[in-house]
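Undergrad: Quick one: the structure is below, and I'll ask about it shortly.
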Amino acid sequence: MKEEDKAAIVNALGLNGRVLGDLGKTDEDIPQLVHEIMVKDEGIWNLEGIEQWISEEEQEAILSIPVHEGEEQDKRIWAIDKSRVYSVKFGYASLKVAMQNNMCSRASSSHQIDKRLWKVIWSIKAASKVKVFLWRMCRHALATNEELWKRKCKDEPICVLCGEDVESVEHLILLCPWTRQVWWQGCFGLKICKERVRTIDQWLLEVFMEVSKLSKEAESLKTTIAYTCWVIWNSRCRAVMEHKEVSGDKVIQWIQSAVSEFLSVWNQNSHQVSKALKPTSKASIGIIIRDHFGKLIEGDGKKVIGDSVLISEALAVKEGMKLANILHMEQVEVEMDCECSFRSIMNPTVGADWKIRPIVADIVSLKNCFNVVEFKCVKRDANMAADWVAIQSRLGMGFAELSRYQPSSLVRILEKDGLPTPHSSVL
Ligand SMILES: [Zn+2]
Numbered sequence: 000m001k002e003e004d005k006a007a008i009v010n011a012l013g014l015n016g017r018v019l020g021d022l023g024k025t026d027e028d029i030p031q032l033v034h035e036i037m038v039k040d041e042g043i044w045n046l047e048g049i050e051q052w053i054s055e056e057e058q059e060a061i062l063s064i065p066v067h068e069g070e071e072q073d074k075r076i077w078a079i080d081k082s083r084v085y086s087v088k089f090g091y092a093s094l095k096v097a098m099q100n101n102m103c104s105r106a107s108s109s110h111q112i113d114k115r116l117w118k119v120i121w122s123i124k125a126a127s128k129v130k131v132f133l134w135r136m137c138r139h140a141l142a143t144n145e146e147l148w149k150r151k152c153k154d155e156p157i158c159v160l161c162g163e164d165v166e167s168v169e170h171l172i173l174l175c176p177w178t179r180q181v182w183w184q185g186c187f188g189l190k191i192c193k194e195r196v197r198t199i200d201q202w203l204l205e206v207f208m209e210v211s212k213l214s215k216e217a218e219s220l221k222t223t224i225a226y227t228c229w230v231i232w233n234s235r236c237r238a239v240m241e242h243k244e245v246s247g248d249k250v251i252q253w254i255q256s257a258v259s260e261f262l263s264v265w266n267q268n269s270h271q272v273s274k275a276l277k278p279t280s281k282a283s284i285g286i287i288i289r290d291h292f293g294k295l296i297e298g299d300g301k302k303v304i305g306d307s308v309l310i311s312e313a314l315a316v317k318e319g320m321k322l323a324n325i326l327h328m329e330q331v332e333v334e335m336d337c338e339c340s341f342r343s344i345m346n347p348t349v350g351a352d353w354k355i356r357p358i359v360a361d362i363v364s365l366k367n368c369f370n371v372v373e374f375k376c377v378k379r380d381a382n383m384a385a386d387w388v389a390i391q392s393r394l395g396m397g398f399a400e401l402s403r404y405q406p407s408s409l410v411r412i413l414e415k416d417g418l419p420t421p422h423s424s425v426l
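Shown next, in the form of structure tokens:
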């Protein structure tokens with residue numbers, strides 16, 4: 000792999016500047032350049048040739064990068080600084096932080112994490128953000144009060160929710176009185192024994208091993224455990240930020256709905272998921288095309304790879320323009336409700352957020368297919384119909400007949416959507 004190409008992957012979303020393992024130089028069958036693992040026509044990655052050389056975490060991070068359909072060259076980007084340009088000052092500062100972190104992790108690395116745990120974590124049926132969270136949790140990479148105190152960012156390491164003990168990751172996820180209640184009363188009915196918890200990774204592996212013996216429910220229980228950890232952490236962060244108490248009942252509800260929503264999408268998709276396209280970082284986009292009277296011409300929904308609003312909104316604009324082009328439209332007005340995507344599209348050369356630059360480049364070249372293109376940023380509630388399509392698409396619904404037949408729930412939204420306005424066509 001050439002240095003330039005490596006830089007493109009190193010800057011991948013989610014990899015946070017980590018350098019990937021060397022893929023080797025002698026075997027000619029291994030893809031050597033980034034474009035060899037891109038399937039540009041389909042907008043996806045094919046990692047088959049390199050997957051045995053990189054970790055699952057690296058695979059997931061690569062899969063979550065949008066694939067650029069145009070011919071534009073890759074660029075080096077210094078993701079740490081806002082200017083995206085490398086400077087010696089920032090290079091020095093970030094190296095210093097990295098070295099400090101390295102020293103901290105080495106100090107606590109006398110404890111070795113059992114490698115079997117990583118295998119289990121990456122094989123759980125859960126959203127990739129949840130699996131990455133478990134991985135960070137087991138590596139003590141969460142900003143608990145104990146970790147912040149060790150780094151001198153907090154005066155004391157005590158748990159702010161109970162005030163009873165040091166807020167270690169074990170206390171926060173398992174032993175704090177309210178989290179014990181969540182594990183016990185929640186969908187899992189698990190009693191946490193303090194004596195069994197030495198470190199979070201040891202506890203998690205033991206529980207996963209026990210659960211694996213239950214052949215029938217093993218998979219869904221692992222999913223529930225993963226989401227329970229993730230929801231506990233997020234609820235705790237919310238409570239601390241908003242200076243509120245946590246409601247155990249609400250936390251349990253959140254876990255149940257997150258698990259059932261994920262599993263229903265997973266079960267619908269599992270038969271069509273190919274190896275090159277794992278269900279990672281999935282989002283759904285919705286496209287609504289109307290004429291200048293506000294009448295619906297066409298609608299479409301798609302599942303896309305990209306785990307942020309920014310990426311999915313930019314992809315929705317791109318796919319919407321492609322659809323308008325197929326429909327031979329000449330004048331279009333494109334509405335979106337994500338301000339950051341809007342700014343990036345309006346100012347593609349200097350203002351585009353680097354994470355969506357490849358998509359913005361495709362949008363710019365798609366502009367040439369139309370006589371007039373206008374972009375507008377609208378309020379979210381003026382875009383409810385597209386939201387409806389995105390949600391239906393996430394639930395696995397198709398849209399072949401949407402221009403002829405619209406479900407009554409969509410018709411009601413279309414009537415409320417703040418249109419018609421004097422547009423030629425609205426995406
Ligand atoms: Zn506590």
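Quick note on numbering that gives the first Met the number 0: the sequence shown kicks off at 0 and runs consecutively. Built from N, CA and C at the ideal position, the CB exists for glycine as well. Quick caveat, the model's predicted, so the values are computed rather than measured.
#1: N367 to E55, Cα distance in whole Å?
#2: Where S364 and P65 are concerned, what is the direct C-alpha to C-alpha distance, given to the nearest angstrom?
#3: From E169, E70, E332, E50, pick the residue whose C-alpha is nearest to that of K39; which is it?
#4: Rounded to a whole number of angstroms, what is the C-alpha to C-alpha distance between E332 and F369?
#5: Check whether the Cβ atoms of V196 and L173 sit closer than 8 Å, and answer yes or no.
#6: Going by Cα to Cα distance, which pick from A97, R138, K128 is closest to H110?
#7: Once you ignore the five residues that flank D200 on each side, which residues in its own chain have a CB closer than 6 Å to its CB?
#8: Counting only the same chain and skipping the five closest in sequence on each side, list residues whose C-beta sits under 7 Å from that of I344.
#9: Using C-beta distances below 6 Å, list every residue in its chain close to Q189, excluding the 5 sequence neighbours before and after it, in chain order.
#10: Compute the Euclidean distance between the alpha carbons of E338 and M208, then round it to the nearest angstrom.
#11: Can L133 and A217 be called in contact, C-beta distance under 8 Å?
#12: Helix, strand or coil, according to DSSP, for D299 in the structure here?
#13: Whose C-alpha, out of V206, W265, Q184, is nearest the C-alpha of I120?
#14: Return the chain-ordered list of same chain residues with a C-beta closer than 6 Å to the C-beta of E312, the five sequence neighbours on each side being excluded.
#15: Examine the Cβ distances between the stretch 83-98 and the stretch 152-167 and report whether three or more of them are shorter than 8 Å.
#16: Just tell me which of D290, E414, D248 has its CA closest to the CA of R179.
#17: Apart from the five residues on each side of it in sequence, which residues of its chain come closer than 7 Å, Cβ to Cβ, to E435?
TA: The structure says:
#1: Within the sequence shown, numbered from 1, the residue matching residue 367 stands at position 368. Within the sequence shown, numbered from 1, the residue matching residue 55 stands at position 56. N367 and E55: Cα-Cα distance of roughly 39 Å.
#2: If you number the sequence shown from 1, residue 364 lands on position 365. If you number the sequence shown from 1, residue 65 lands on position 66. About 16 Å.
#3: Residue mapping note: residue 39 aligns to position 40 of the sequence shown, counting from 1. Nearest in C-alpha terms to K39, of all of E169, E70, E332, E50, is E70.
#4: Working through the sequence shown from its first residue, we reach residue 332 at position 333. Working through the sequence shown from its first residue, we reach residue 369 at position 370. So the alpha carbons of these two residues sit roughly 11 Å apart.
#5: Taking the sequence shown and counting its residues from 1, one reaches residue 196 at position 197. Taking the sequence shown and counting its residues from 1, one reaches residue 173 at position 174. In contact: V196 and L173 (Cβ atoms closer than 8 Å).
#6: For the purposes of this step, residue 110 is identified with residue 111 of the sequence shown, where counting begins at 1. Here the closest residue by C-alpha is R138.
#7: On the sequence shown, residue 200 is found 201 positions in, with the first residue counted as 1. Within the same chain, D200 has close Cβ partners I112, L116, C137.
#8: On the sequence shown, residue 344 is found 345 positions in, with the first residue counted as 1. So the qualifying residues of the chain are V316, V359, I362, F374.
#9: Here residue 189 is taken as the residue at index 190 of the sequence shown, counted from 1. According to the sequence displayed, residue 189 carries Leu and not Gln. Same-chain partners within the cutoff: W182.
#10: As a working note, residue 338 is residue 339 in the sequence shown. As a working note, residue 208 is residue 209 in the sequence shown. Between E338 and M208, the C-alpha separation is close to 46 Å.
#11: Translated into positions along the sequence shown, residue 133 becomes position 134. Translated into positions along the sequence shown, residue 217 becomes position 218. Not a contact, by the Cβ cut-off of 8 Å.
#12: If you number the sequence shown from 1, residue 299 lands on position 300. In the structure shown, D299 sits in a strand (DSSP, three-state: E or B).
#13: Here residue 120 refers to the residue found at position 121 when the sequence shown is read from its first residue. Answer by Cα proximity: V206.
#14: Working through the sequence shown from its first residue, we reach residue 312 at position 313. Hits under 6 Å: M335, C337, S340.
#15: no
#16: Here residue 179 corresponds to residue number 180 of the sequence shown, with the count starting at 1. Closest by alpha carbon: D248.
#17: In the structure as shown, the chain begins at 0 and stops at 426. Residue 435 is therefore absent and cannot be evaluated.
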